[in-house]
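Numbering (this note's numbering), first residue to last: 1 to 259.
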């Protein structure tokens, strides 16, 4: 697996060069050091609030295990509400290509999510099939450039702009801000067209947790400005799982029970 590593001196150098001087490869490499390079688990507590102020809760487990080539792989399983328990989501990424599958307990096989269906909401949340990966700090796939520097909650950021296929993602461009020190995603704005975003994903800066080797965000909120709704996601830190079976990342078996 290709794994970027930054010593203290290299990270300090990245911070000192200034946001505009930092290259996209340097920013991505700094973000990569926050990703666990083995099997891991994160617990998710999700609260969805609709335009009328009504809230419903979900509880999920997110399993993470990079492929042998180091590409992202995510298995997301719904635990609550009980009526939906067993619903599962699989994301596989190969370079600039993403593959997503979805499974319902009553179905005899999984559904390959493609095209405009990637922009549909996942489990009634404000996250689409293509957006949920951002709570792991993974940037949206597309043509990305570094456009400057910014600030979120008093934390200095690199500003990145990603142009995407609106027919697949639902957006023409996404503007993201990455913390310059912790190298975590702090904010993303999703634009269909024009200067007004359709959605805004924002981290609680106070929830950024930095351990010896990596940093994580423990609280994100996605706001749908058109629907006047929001989804709050509380995440645990990574729990390492050394022996996650490969079938959990097989499109034909990812939904099978795992203990």
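For every residue, glycine included, the Cβ atom is placed at its ideal position computed from N, Cα and C.
- In this structure, residue 135 keeps its C-beta atom at 7 Å or more from the C-beta atom of residue 157.
- When the beta-carbon positions are compared, residue 159 and residue 145 stay at least 7 Å from each other.
- Residue 233 sits in a strand when the DSSP states are folded into three classes.
- Where residue 173 is concerned, the enclosing beta strand (DSSP E) starts and stops at 173 to 179.
- With respect to the 7 Å criterion, residue 183 and residue 31 are classified as neighbours on the basis of their beta carbons.
- One thing to note: residue 47 has its Cβ within 7 Å of the Cβ of residue 57.
- Sixteen is the threshold: since fewer than 16 other Cβ atoms of the shown chains lie within 10 Å of the Cβ of residue 81, the residue is exposed.
- DSSP places residue 228 in the coil class of the three-state scheme, outside both helix and strand.
- Nearest to residue 188 by alpha-carbon distance, out of 212, 42, 206, 162, is 162.
- With a cut-off of 8 Å on Cβ pairs, the region 218 to 227 is not in contact with the region 249 to 259, counting fewer than three such pairs.
- Burial check for residue 108: the Cβ neighbour count within 10 Å stays below 16, so the residue is exposed.
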